[in-house]
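In my numbering, the protein residues as written are 159 to 875.
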């Protein structure tokens, strides 16, 4: 039963960005707050623009309830058109997927988002004409195929003033100097050279304007097969060994062509296989890692676990959590990718061998592995500007097909695959295992993943540098730089104010390379719904991990199906790799040296902040990592204020500039998924007739009672 209150007469208008146009709207829309199945919610106006779908209620007009971590571009009730995953209509309590032309219009609209939010809009009290307009408008503008120039990116670029602050330290790799500087930084300039062969894209439209190849490779070789079969440099290790990538030749060719290509490759391998170059190891990623289709299938299953409609669904799936999580295969794919990165690191670090990653286009899994290896081996890539430069180099300029892989234009689901998200998931594993090694936080990775769907930045909306350059200039070249001035996602001030930006920086980042005396043990996230799959009933040895041989046949038989994927004997790495892994994990961690992820089954975890942040049932009120961060930030603020007082005492001149940190008072009241989850959202557990739930309810009451009697005034004995 829904209590219908008269909506207020107050007119609420949407906040429009430059170039943003209002397309359709509907008044008296009721937005459900799906928490406990009580159908509670709020009235407001639902609008659709050429940029976003937005729900405007009375609170939208006031700034009283502003969250501490506010995105200036996309609000709490805003969904960019690129962020819409699927839209369902409810007809007589039956859900139906909405696509194309609609004959009948639903009572309720359910929008599933790619950032895993779920919106439920009741349209029963809305005028019929408005329902038709808003539903067909939303479905059309978010689900039907569109032309590239129809993206809001171009509307915004032509209308917005170019007033970015220009303080971005990210290396964009758009000039020859950027590549030469990177060669010099990594000491790779002795054996490798930056080439201008592709200026004007005369070699290939898929390759960047400038790239790096071994010095011995001739311009004729690069031109011969449009850059295919050419080893392209990614990064050089401190010992001179280098990481290279290469796009392979198509497999289905006639005999004469394939013979010529084989002879060409043999010549290339001989050239780079002799001094001054190190030994060469080739790794065909298409055969040693899951296919893009497997990755897409696994992620599609995985995300379904978090697109929760209501509280009842959450508790129903909670009972089968482990089996559901394992059946997706997503964590196993993350483990395999991390393991491959460890193999490559071992070749570079211990064997002093060049590694050549081979893939059909060298722009998908090559990007994942090369980026991961650099994050693990190069501490510069673990700073914020270094990580952003790495994404520019390997992904944006490197030619990853963001437009196709994210399916931004809704043209072909066959090309869609969450390859970049896979990288962020792998980097998150390292961030949560070794927090002091990273200048950025998991919140940074989360907002970076959200930025994939914000079409005011050009970073993630083109397939190649060539596509960006040709569309940037426009049809008529009005000015020297062209009519479009695209923003880069790395200018975070566009999305967040300084107070919110503080959440992206790690206050515990170990800036100076001081090796710890003892290995740091990572605090485990205690949560009722565990975030990792158990490997065995006992906790595995941290030193031996998944490499140890399983000798107990009884355990193997009992747990065979469950853990087979984790300890498959055919998947066992060679002895040298096992020794490398065990040896590294037996020593103290140098946060500015090589980092190897722990990849036991239970060590590979679910990225809680990204996947559980919109589910109130999954929150730990007053707990989790954010409560710890809050205490640290409070302590930092106190230290800074004491420093100011000391400065005042020691000198008459007062230095005024103190780095601001966000005030996170009352950390006991924060949710574990702050800053994304709303603080006021509470979850009510279903009244199931089991003693388990009753015990849990009693525990909650005790927690609440304890909170009531906490004396924060300092008068306690």
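Beta carbons are placed, not taken as given, at the ideal position from N, Cα and C, and that holds for glycine.
Next item on the list: Tell me whether residue 332 counts as near the ligand ADP, meaning its Cβ is closer than 7 angstroms to at least one heavy atom of that ligand.
Entry: This structure does not include the ligand ADP; it has no bound ligands of any sort.
Item checked: Cβ-based burial, residue 424 [other Cβ within 10 Å; buried from 16] -> Taking the first residue of the chain shown as 1, we reach residue 424 at position 266. By the 10 Å Cβ count, residue 424 comes out exposed.
Next item on the list: Using a threshold of 8 angstroms, state whether the C-beta atoms of residue 399 and residue 511 are closer than that.
Entry: By 1-based counting over the chain shown, the position of residue 399 is 241. By 1-based counting over the chain shown, the position of residue 511 is 353. Their beta carbons are under 8 angstroms apart, which means residue 399 touches residue 511 by this criterion.
Notebook entry, point to check: Is it the case that the Cβ atoms of residue 576 and residue 457 are separated by a distance below 8 angstroms?
Noted result: Position 418 of the chain shown, counted from the start, is the residue given in the question as residue 576. Position 299 of the chain shown, counted from the start, is the residue given in the question as residue 457. In this structure, residue 457 lies closer than 8 angstroms to residue 576 by Cβ.
Notebook entry, point to check: In chain order, what residues of the same chain have a beta carbon less than 7 angstroms from the beta carbon of residue 271, not counting five sequence neighbours either side?
Noted result: Your numbering for residue 271 matches position 113 in the chain shown. Close CB contacts of residue 271 within its chain, under the 7 angstroms cut and outside five residues either way in sequence, are with 237, 241, 242 and 243 (chain order).
Next item on the list: Starting from the C-beta of residue 557, find all residues in its chain whose C-beta is less than 6 angstroms away, skip the five residues before and the five after it, and write them out in chain order.
Entry: In the chain shown, residue 557 corresponds to position 399, counting from 1. For residue 557, same chain residues with a beta-carbon under 6 angstroms away, outside a window of 5 residues either side, are 364, 521 and 622 in chain order.
Notebook entry, point to check: So what's residue 253 in DSSP terms, helix, strand or just coil?
Noted result: In the chain shown, residue 253 corresponds to position 95, counting from 1. Residue 253 falls in the strand class under three-state DSSP.
Next item on the list: Taking all protein chains shown into account, decide if residue 719 is buried (16 or more other Cβ within 10 angstroms of its Cβ) or exposed.
Entry: Along the chain shown, read from residue 1 onward, the residue named residue 719 stands at position 561. Caution applies to residue 719, whose pLDDT of 34 falls short of 50 and renders its modelled position unreliable; the value that the coordinates give is listed next. Classification of residue 719: exposed, given that the 10 Å Cβ count is below 16.
Check: In the structure shown, what three-state DSSP assignment does residue 279 receive?
Finding: Translated into positions along the chain shown, residue 279 becomes position 121. Three-state DSSP puts residue 279 in a strand.
Next item on the list: Look at residue 257 and residue 297 and say whether their C-beta atoms are less than 8 angstroms apart.
Entry: The sequence position of residue 257 within the chain shown is 99, counting from 1. The sequence position of residue 297 within the chain shown is 139, counting from 1. Yes, these two residues count as a Cβ contact at 8 angstroms.
Next item on the list: Evaluate residue 626 with the Cβ neighbour count: other Cβ atoms within 10 Å of its Cβ, from every protein chain shown; 16 or more gives buried, anything less gives exposed.
Entry: In the chain shown, residue 626 corresponds to position 468, counting from 1. Result: buried.
Notebook entry, point to check: For residue 237, which beta-bridge partners are listed by DSSP?
Noted result: Numbered from its first residue, the chain shown carries residue 237 at position 79. In the DSSP output, where bridge partners are listed per residue, residue 237 has 211.
Check: Just checking, does the region 767–782 make contact with the region 451–471 on the three C-beta pairs under 8 angstroms criterion?
Finding: Per the Cβ contact rule, the region 767–782 is in contact with the region 451–471 (3 or more Cβ pairs under 8 angstroms).
Next item on the list: Could you name the residues of the same chain whose beta carbon sits closer than 7 angstroms to that of residue 600, not counting the 5 residues immediately before and after it, in chain order?
Entry: Taking the chain shown and counting its residues from 1, one reaches residue 600 at position 442. Take residue 600, set aside five residues on each side of it, and the residues of its chain with a beta-carbon closer than 7 angstroms to its own are 586, 589, 590 and 767, in chain order.
Note to self: Quick check on the burial criterion: 16 or more other C-beta atoms within 10 angstroms. Buried or exposed for residue 712?
What the structure shows: For the purposes of this step, residue 712 is identified with residue 554 of the chain shown, where counting begins at 1. Note on residue 712: pLDDT 32, under 50, position unreliable in the model; the coordinate value appears next. By the Cβ neighbour-count rule, residue 712 is exposed, with fewer than 16 other Cβ atoms within 10 Å of its own.
Margin query: Per the DSSP calculation, residue 199 is bridged to which residue(s)?
Written below: Within the chain shown, numbered from 1, the residue matching residue 199 stands at position 41. Bridge partners of residue 199: 190.
Next item on the list: Could you tell me how far apart the beta carbons of residue 320 and residue 654 are, in whole angstroms, since I believe they sit closer than 8 angstroms?
Entry: Position 162 of the chain shown, counting from 1, holds the residue named residue 320. Position 496 of the chain shown, counting from 1, holds the residue named residue 654. That belief does not hold up - the Cβ atoms of residue 320 and residue 654 are roughly 19 angstroms apart, past 8 angstroms.
Note to self: Between residue 618 and residue 609, how many whole angstroms is the CB-CB distance? I'm expecting something under 8 angstroms.
What the structure shows: Position 460 of the chain shown, counting from 1, holds the residue named residue 618. Position 451 of the chain shown, counting from 1, holds the residue named residue 609. Yes, residue 618 and residue 609 are in contact; Cβ-Cβ is about 7 angstroms, under 8 angstroms.
Notebook entry, point to check: Quick one: Cα of residue 427 to Cα of residue 516, how far?
Noted result: Within the chain shown, the letter at position 269 stands for residue 427. Within the chain shown, the letter at position 358 stands for residue 516. Cα atoms of residue 427 and residue 516: separation of roughly 13 angstroms, rounded to the nearest angstrom.
Notebook entry, point to check: Where do the N-terminal and C-terminal ends of the alpha helix (DSSP H) with residue 452 fall, by residue?
Noted result: Within the chain shown, the letter at position 294 stands for residue 452. Counting along the chain, the alpha helix (DSSP H) containing residue 452 begins and ends at 450–462.
Margin query: Using a Cβ distance threshold of 8 angstroms, determine whether the region 471–485 contacts the region 548–568, with at least three qualifying pairs required.
Written below: Under the three-pair Cβ rule at 8 angstroms, the region 471–485 does not count as touching the region 548–568.
Check: Would you call the CB atoms of residue 594 and residue 791 closer than 8 angstroms?
Finding: In the chain shown, counting from the first residue as 1, residue 594 sits at position 436. In the chain shown, counting from the first residue as 1, residue 791 sits at position 633. Not a contact, by the Cβ cut-off of 8 angstroms.
Item checked: Run of the alpha helix (DSSP H) containing residue 315, from where it starts to where it stops -> Mapped onto the chain shown, residue 315 falls at position 157. Counting along the chain, the alpha helix (DSSP H) containing residue 315 begins and ends at 310–317.
Next item on the list: Between the Cα of residue 401 and those of 514, 264 and 580, spot the shortest distance and give me the residue it belongs to.
Entry: Taking the first residue of the chain shown as position 1, residue 401 is located at position 243. Relative to residue 401, the option among 514, 264 and 580 whose CA is nearest is 514.
Next item on the list: Using a threshold of 8 angstroms, state whether the C-beta atoms of residue 143 and residue 263 are closer than that.
Entry: Summary: the structure shown does not reach residue 143, with the chain confined to residues 159 through 875, and so no result is reported for it.
Checklist line | Nearest-angstrom Cα separation, counted from residue 525 out to residue 620 | finding: Residue numbering aside, residue 620 sits at position 462 when the chain shown is read from its first letter. Residue numbering aside, residue 525 sits at position 367 when the chain shown is read from its first letter. When the Cα atoms are used, residue 620 and residue 525 turn out to be separated by approximately 16 angstroms.
Margin query: Check for me: the alpha helix (DSSP H) holding residue 525 runs from which residue to which?
Written below: Residue numbering aside, residue 525 sits at position 367 when the chain shown is read from its first letter. Run containing residue 525: 523–535, per the alpha helix (DSSP H) assignment.
Margin query: Rounded to the nearest angstrom, what separates residue 465 and residue 794 at their Cα positions?
Written below: Working through the chain shown from its first residue, we reach residue 465 at position 307. Working through the chain shown from its first residue, we reach residue 794 at position 636. Going by C-alpha positions, residue 465 is about 37 angstroms away from residue 794.
Check: From what residue to what residue does the beta strand (DSSP E) around residue 832 run?
Finding: Translated into positions along the chain shown, residue 832 becomes position 674. Under the DSSP assignment, residue 832 falls outside any beta strand (DSSP E); it carries neither an H nor an E label.
Notebook entry, point to check: Since residue 442 sits in a beta bridge, which residues does DSSP pair it with?
Noted result: Stepping through the chain shown from its first residue, residue 442 is reached at position 284. Residue 442 pairs with 516.
Check: With 16 other CB atoms within 10 Å as the buried threshold, where does residue 441 fall?
Finding: Stepping through the chain shown from its first residue, residue 441 is reached at position 283. So residue 441 counts as buried.
Item checked: residue 749 beta carbon less than 8 angstroms from that of residue 592 -> Position 434 of the chain shown, counted from the start, is the residue given in the question as residue 592. Position 591 of the chain shown, counted from the start, is the residue given in the question as residue 749. Pairing residue 592 with residue 749 gives a Cβ-Cβ distance under 8 angstroms.
Note to self: Taking a contact to mean a Cβ-Cβ separation below 8 angstroms, would you say residue 395 touches residue 573 in this structure?
What the structure shows: On the chain shown, position 237 is the one that residue 395 refers to. On the chain shown, position 415 is the one that residue 573 refers to. Contact flag unset, no.
Checklist line | Residue burial classification, residue 448 (beta-carbon count within 10 angstroms, cutoff 16) | finding: On the chain shown, residue 448 is found 290 positions in, with the first residue counted as 1. So residue 448 ends up on the buried side.
Next item on the list: Note down the Cα distance separating residue 386 from residue 454, rounded to an integer number of angstroms.
Entry: Locating residue 386 in the chain shown gives position 228, counting from the first residue. Locating residue 454 in the chain shown gives position 296, counting from the first residue. Roughly 26 angstroms separates the two Cα atoms.
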